[in-house]
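The sequence shown begins at 264 in the working numbering and counts up by one.
Please read the structure below before turning to the comments.
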Amino acid sequence: MPLLTDALVVKKLHLKNRLVVPPIVSGLAKDGVPGQAQLAWYGRLARGGAGLVIVEAAAVAQGAHILPNQLAIWSDSHIAGLARIADVIKAAGVPAVLQIVHGGARAWRTDPLEERVGASNAPIAAGRKPRPLREDEIEEIIAAFAAAARRTKAAGFDGVEIHGAHYYLISQFLSPYTNRRTDRWGGSRENRARFAVEIVRAVRRAVEADYPIFFRLHALERFEGGLSTEDAGAAAQALAQAGVDVLDASGIGQTSVGDWQGISFLNTMSVLPKDAPAGEFAVAAGLIKGGLRIPVIAVGKLGEPGRAQLVLDQGQADLVAIARQVIADPESPSKILAQRDDEIRRCRECFACLGAIRKGAVRCSVNRDIPGELHA
Ligand SMILES: Cc1cc2nc3c(=O)[nH]c(=O)nc-3n(C[C@H](O)[C@H](O)[C@H](O)COP(=O)(O)O)c2cc1C
């Protein structure tokens with residue numbers, strides 16, 4: 264089994280070790296464009312020791328954003344700003360991948376009455392029920408993902424990650440909970456995966472054969488009625504066949520039922536709760552990995568001492584991503600690789616970071632030296 268310090272090559276992408284900074288919305292963009300604080304933040308993350316930085320989600324269309332102060336990639340005018348993020352990461356000798364997203368029925372809305380579109384009308388955010396997409400709109404969004412991937416490459420990123428998880432639009436199609444369509448985009452497992460597969464095919468045509476495509480998917484949903492690990496495994500195989508080079512296996516860690524003016528909606532969260540065992544998503548990632556020939560990334564409380572290497576030892580993944588722990592201490596990857604775990608400033612799992620990005624810049628209760636604090 265590989266060591267965390269082992270390199271990994273994916274097409275033209277050379278990772279010097281097995282630790283990954285996964286996408287983390289920093290809440291530092293203005294009108295979709297990165298600000299100075301955001302560039303400084305990515306510089307710090309890139310110097311923290313990980314072999315790869317996957318940059319936070321950028322919206323592929325107007326109205327498709329998932330949070331306020333999020334990056335945008337729906338126009339060629341966004342390329343120059345995004346290139347500055349790619350440059351700052353690559354200047355530290357680390358490859359950079361950009362995640363692209365459409366929020367669909369979970370798109371960010373300040374006015375809950377403003378329209379959202381989705382696979383079906385199942386509500387998954389406070390506000391009006393989503394409007395099911397027409398076929399011509401589905402085709403338009405597939406083209407928007409392809410255009411965003413072309414821009415990602417033009418901005419100098421070493422790869423693109425399609426956000427197919429966390430109940431944003433692509434996973435709304437994948438999951439039977441949110442996809443209640445009866446046309447060729449819904450129903451059977453194969454039909455539910457069609458939107459994701461068509462996006463991957465269109466992205467592949469837009470970026471050519473040698474460009475790495477990552478896809479983020481749910482390996483595990485901690486609620487009944489959604490995408491099962493078995494469903495996800497089948498989708499992953501179809502996605503790999505369509506051109507995905509790396510599968511980023513995330514999950515749904517928490518759910519609750521909300522109510523907006525008598526309309527109840529399912530609230531989902533990607534992060535495992537404090538009382539959940541570390542490695543729960545990684546076990547499911549391992550099950551999906553069994554059916555794949557491409558590398559898999561695992562995530563979910565894997566910054567705890569010894570945990571990241573254990574994921575590799577158990578063959579659950581090829582790469583290990585650490586999110587909140589790098590917010591708490593951006594140098595966590597270097598310290599983990601050098602087995603200096605005792606020097607890591609520990610994440611308290613207080614969820615302050617996730618609360619903060621709904622209002623503005625990311626904050627952290629144990630790391631006061633991050634942009635959200637400095638620019639408060
Ligand atoms: C502040 C914050 C922002 C996040 N933004 C994104 C994002 O843009 N895209 C994404 O796929 N996941 C996002 N995530 C999820 C993380 O990438 C990761 O999957 C999750 O935090 C679980 O890993 P952890 O237990 O190491 O924190 C975000 C998480 C946090 C805490």
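Don't be surprised by glycine CBs; every beta carbon is placed ideally from N, CA and C.
Residue i CB to nearest heavy atom of ligand 1 below 8 Å
i: Ile-526; result: no
i: Leu-565; result: yes
i: Ser-438; result: no
i: Ser-533; result: yes
i: Ile-590; result: yes
i: Ile-348; result: no
i: Cys-613; result: no
i: Ala-313; result: no
i: Glu-319; result: yes
i: Gln-579; result: no
i: Ser-513; result: yes
i: Ala-624; result: no
i: Ile-620; result: yes
i: Ile-329; result: yes
i: Gly-356; result: no
i: Pro-285; result: yes
i: Gly-298; result: no
i: Arg-587; result: yes
Outcome for residue i when other beta-carbon atoms lying within 10 angstroms are tallied against a minimum of 16
i: Gln-362; result: buried
i: Gly-553; result: exposed
i: Arg-414; result: buried
i: Arg-281; result: buried
i: Ile-526; result: exposed
i: Pro-286; result: buried
i: Pro-536; result: exposed
i: Ser-383; result: buried
i: Pro-634; result: buried
i: Val-364; result: buried
i: Leu-432; result: buried
i: Glu-403; result: exposed
i: Glu-461; result: buried
Where residue i sits in the DSSP three-state scheme
i: Glu-594; result: coil
i: Pro-395; result: strand
i: Gly-516; result: coil
i: Ser-340; result: helix
i: Asp-605; result: helix
i: Asn-332; result: coil
i: Asp-522; result: strand
i: Arg-626; result: coil
i: Gly-381; result: strand
i: Ala-639; result: With a pLDDT of 44 at Ala-639, under the threshold of 50, the modelled position of this residue cannot be trusted; read the value that follows with caution. Three-state result, Ala-639: coil.
i: Phe-528; result: strand
i: Phe-408; result: helix
i: Arg-444; result: coil
i: Leu-271; result: strand
i: Ala-498; result: helix
i: Ala-322; result: strand
i: Ile-287; result: coil
Chain B contact for residue i (CB, 9 Å cutoff)
i: Ala-459; result: Considering every chain present, this structure includes no chain B. It has just one protein chain.
Paired residues, beta bridge with residue i - DSSP
i: Pro-297; result: Ala-292
i: Ala-561; result: Ala-512, Val-583
i: Gln-362; result: Glu-424
i: Glu-567; result: Answer is none; Glu-567 lacks a bridge partner.
i: His-277; result: Val-272
i: Gly-478; result: The identity of residue 478 in the sequence shown is Phe, whereas the question assumes Gly. DSSP, once it has assigned bridges, lists Ile-425, Leu-510 as partnering Phe-478.
Which listed residue (the options) has its alpha carbon closest to that of residue i
i: Ile-620; options: Trp-448, Ala-292, Phe-528; result: Ala-292
i: Leu-308; options: Glu-484, Ile-352, Ala-412; result: Ile-352
i: Arg-671; options: Tyr-430, Glu-567, Leu-502; result: An answer regarding residue 671 cannot be provided, because it is not within the stretch 264 to 639 covered by the chain.
i: Ile-387; options: Arg-397, Ile-404, Arg-369; result: Arg-369
i: Leu-276; options: Gln-301, Val-316, Val-288, Ala-300; result: Val-316
i: Ile-607; options: Val-629, Val-625, Ala-615, Arg-347; result: Val-629
i: Arg-455; options: Arg-468, Asp-581, Ala-495; result: Ala-495
i: Gly-514; options: Leu-529, Ala-545, Trp-523; result: Ala-545
i: Ser-434; options: His-481, Thr-492, Ala-539, Ile-585; result: His-481
i: Ala-465; options: Leu-483, Val-423, Arg-391; result: Val-423
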